[in-house]
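Numbering (this note's numbering), first residue to last: 10 to 228.
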Amino acid sequence: MDGWRLSYFVSRAFLGGRLMLLLMLLVNVPGTVYGYIWYGNQLAFTWEAFGPALLPFVPDSPTASLFFSLFLLYLLKDIDAGRGFAIPPERVGLGRGVVEAFALITSFKYGIWAVAMIWAGAWQGEAVSGQDWMLTLSHLGMAAEALLYVRFYRFSLGAVVIVGAWSLWNDAMDYGVGVFPWLAEVLQDDLTTIQWFTVGLSLIGIAIATAVWLMRTRK
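Structure (structure tokens):
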């Protein structure tokens with residue numbers, strides 16, 4: 010394929026088409042459900058050890074995928090209402106803005122984080138299973154889709170602040186209380202490094218979202 014044809018697959022027309030949005034939902038919704046099931050044992054342990062209040066901090070990746078799915082539903086709603094994707098940021102409510110900012114920041118963050126943890130464990134001798142390969146591909150997809158749809162986000166700066174605060178609070182709870190996603194045994198002595206790596210991903214995600222907001226407001 011030449012450059013023009015390849016560029017079509019990252020164009021607004023292709024990514025924002027009804028068929029593509031439905032296909033994205035067809036991938037993300039089952040992935041979200043699988044993710045919550047995958048976290049089932051840790052959710053049960055957290056409930057018993059810490060109580061229900063800390064449950065929202067446990068299933069990081071499926072919650073990111075859930076919010077990206079909600080973002081896709083908003084785009085489909087725009088198509089059905091005949092609004093297209095030309096809604097200015099100031100006309101997007103805070104609720105939708107938080108959904109969009111959450112989708113971007115956390116999908117990017119945990120997409121990268123999960124892959125890094127799998128292969129950091131492998132580098133230290135942890136066996137790589139077929140499930141690890143599946144999780145690697147699916148989480149790379151999470152990070153990629155969050156960035157591919159960057160032109161469709163309409164969140165406000167306030168939404169970025171709210172989601173950014175949540176993301177950093179999540180990090181504090183994960184590594185301060187100990188509800189971070191269960192890791193390979195070989196990574197247990199690297200928790201301090203992993204903690205700061207996670208915070209760094211949060212800050213990068215917040216910076217990306219802020220840059221998106223700045224680009225939107227300057228148009």
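Backbone N, C-alpha and C fix where the C-beta goes; we use that ideal spot for every residue, glycine too.
Distance, tryptophan 222 Cα to lysine 86 Cα: 22 Å
Where threonine 226 falls, given that 16 or more other Cβ within 10 Å makes a residue buried: exposed
Residue ranges of each alpha helix (DSSP H) within the region 59-143, 4 or longer: 69-89 and 103-132
For methionine 33 and arginine 14, the rounded distance between their alpha carbons: 21 Å
Sufficient close CB pairs (3 or more, under 8 Å) joining the region 204-212 to the region 177-186: yes
Residue environment, methionine 231, which counts as buried when at least 16 other CB atoms sit within 10 Å: Any answer about residue 231 is impossible in this case: the structure gives the chain only from 10 up to 228.
For serine 16 and glycine 25, the rounded distance between their alpha carbons: 14 Å
Exposure label - glycine 106; buried when at least 16 CB within 10 Å: buried
Beta-carbon gap between valine 38 and glutamine 51 smaller than 8 Å: no
Where phenylalanine 54 sits in the DSSP three-state scheme: helix
Between the CA atoms of isoleucine 127 and valine 195 - distance to the nearest angstrom: 11 Å
Spatial distance of alanine 155 from phenylalanine 59 (CA atoms): 32 Å
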